[in-house]
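Report on the structure given below.
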Amino acid sequence: MLETERLVLREFTLEDAAFMYALMRSPLYLKNIGDRNIRSIKDAEAFLVNKIMKSYQDNGYGLYAVVLKQANQVVGMSGLVRREGLAHVDIGFGFLPAFMGKGYAYEASKAVMHYAQNVLELDPILAITVKDNVRSISLLSKLGLGYGRLIDWEGEEILLLSTAP
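Positions in the sequence shown are counted from 1; adding 3 to them yields this note's numbering.
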């Protein structure tokens with residue numbers, strides 16, 4: 004679907020359930036993104052079908068598996084999410100802890116931003132993150148998203164960023 008120097012971004016399949024389980028149970032994912040009640044591989048499969056793969060059908064885009072070209076290994080996800088309660092699409096990403104700090108999130112998300120803005124012609128692009136997630140805020144800033152405002156999201160105060168001024 005999308006390709007960078009080191010990565011391929013492709014749609015998720017049911018074969019990615021073990022990766023999704025590992026990602027969504029990792030401590031940083033739980034802390035910064037939240038608990039999605041993924042307690043088993045079956046839960047991960049249901050999440051893939053009912054959320055991620057459904058978005059491809061409903062919206063024509065979604066979260067994509069980020070695969071290392073050389074190892075053919077899924078190491079994270081990056082993509083676009085249409086969330087109820089937000090006026091525009093938002094960009095999201097998550098990576099297994101062993102693959103953080105290597106530039107993969109920026110590389111993948113930069114490709115997603117280019118795709119969103121130049122192919123899908125989506126504008127503005129939003130992002131939400133917990134307000135103390137300095138690494139995500141820094142990455143989103145590098146992608147061209149600026150501070151918007153704090154909003155209440157499911158009972159928690161989070162940061163909403165946007166490509167619009």
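For each residue, glycine too, the CB sits at the ideal point set by N, CA and C.
- Beta bridge pairing from DSSP links Gln76 with Leu71.
- For Ala130, there is no enclosing alpha helix (DSSP H); the enclosing beta strand (DSSP E) has its first and last residue at Leu129 to Val133.
- Met56 has its alpha-carbon roughly 15 Å from the corresponding atom of Val69.
- Per the DSSP secondary-structure output, Val11 pairs in a beta bridge with Glu6 and Val70.
- Under DSSP, Tyr150 takes part in a beta bridge, and its partners are Leu164.
- Between Leu164 and Leu142, the gap from beta carbon to beta carbon reaches 8 Å or more.
- Gly82 sits close to Tyr64, with the two beta carbons spaced by under 8 Å.
- For Asp61, the enclosing alpha helix (DSSP H) covers residues Lys57 to Asn62.
- Check the Cα spacing between Gln60 and each of Asn136, Pro100, Glu14 and Arg152: the tightest is with Glu14.
- Beta-carbon to beta-carbon, Glu48 and Leu17 are separated by about 6 Å, close enough to satisfy the 8 Å threshold.
- A distance below 7 Å between beta-carbons, with the five flanking residues on each side excluded, links Ala20 to the following residues of its chain, in chain order: Ile44, Ala47, Glu48 and Leu51.
- Restricting attention to Lys134, Gly147 and Met27, the CA atom closest to the CA of Tyr109 is found in Gly147.
- About 7 Å separates the beta carbons of Leu66 and Val84, which is inside the 8 Å limit, making them a contact pair.
- In the three-state reduction of the DSSP assignment, Glu159 falls in the strand class, which pools E and B.
- The criterion of a C-beta distance shorter than 8 Å is satisfied by Leu129 and Leu89.
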